[in-house]
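Reading through the structure tokens given below for one structure.
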Amino acid sequence: MKTDIPAATLATPRGARADEILRSCVHCGFCNATCPTYQVRGNELDGPRGRIYLIKDMLESGTVSDAAKLHLDRCLTCRACETTCPSGVPYGELAEIGREIVAEERGRGGLVKRLLLATVPRPRLLQALLRLARPFRWLAPKAHRRLLRKPPPSTTPQSADSSSEGRPLPLARPGGRVGSSA
Numbered sequence: 163m164k165t166d167i168p169a170a171t172l173a174t175p176r177g178a179r180a181d182e183i184l185r186s187c188v189h190c191g192f193c194n195a196t197c198p199t200y201q202v203r204g205n206e207l208d209g210p211r212g213r214i215y216l217i218k219d220m221l222e223s224g225t226v227s228d229a230a231k232l233h234l235d236r237c238l239t240c241r242a243c244e245t246t247c248p249s250g251v252p253y254g255e256l257a258e259i260g261r262e263i264v265a266e267e268r269g270r271g272g273l274v275k276r277l278l279l280a281t282v283p284r285p286r287l288l289q290a291l292l293r294l295a296r297p298f299r300w301l302a303p304k305a306h307r308r309l310l311r312k313p314p315p316s317t318t319p320q321s322a323d324s325s326s327e328g329r330p331l332p333l334a335r336p337g338g339r340v341g342s343s344a
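Shown next as structure tokens:
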């Protein structure tokens, strides 16, 4: 794929790597055949090939379109597309570069990301913080207030019980599809 990324962007490690990845894509569309969001939505921009064009446009223009935000958010980053790409395009890496650009444009970066990465993997810490935040829920946007009304979910691990016996077990199949063993 031919690119026209500004020299200032190419001078950065992220810009140089994105350019390298973009140039390896021959835009054949094989990736769309295994992309779950493309399969469900049927929109070219919801497939890897469309998102690659959106990321290319962001890098070349220096602006982030609403379409780029929407379609990059819809990507599951399952990387099923990488298994069918004849050129071996590391789409997941390019998607992360695109998401970093969107996050910088939205002002979502450092602090919020670090806080989420520090709390979400630690259920007890997250539970304690949610309890502390409950009295201040009126400060939160309306759509998020209901989340703070409920007590946080229990952090005690749940074990498999006898009610799951005899039920089919989920299996991951090549390409990110999920099936059943029965």
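Using the working numbering, read the sequence shown as starting at 163 and increasing by one per residue. Backbone N, C-alpha and C fix where the C-beta goes; we use that ideal spot for every residue, glycine too. On a predicted model such as this, the values are computed, not experimentally measured, just so you know.
Asked                                                                                           : Found
Cβ shell of GLU255 (< 7 Å), same chain only, five flanking positions each side left out         : ILE183
As assigned by DSSP and simplified to three states, the class of ALA230                         : helix
Helix, strand or coil at SER348 [DSSP, three-state]                                             : Any question about residue 348 goes unanswered here, given that the chain covers just 163 to 344.
Endpoints, alpha helix (DSSP H) assigned at ARG241                                              : That residue, ARG241, is in no alpha helix (DSSP H); it is neither H nor E in DSSP.
Proximity below 7 Å, CB of HIS189 to CB of ARG211                                               : yes
Neighbour-count burial assignment, ARG293, 16 or more Cβ in a 10 Å radius                       : exposed
Same chain, Cβ closer than 8 Å to ALA229, five either side skipped, listed in chain order       : LEU207 and LEU216
Local Cβ density within 10 Å of ALA180, reported as buried at 16 or more and exposed below that : buried
DSSP state of SER223 mapped onto helix, strand, coil                                            : helix
Beta-carbon gap between SER186 and VAL282 smaller than 7 Å                                      : no
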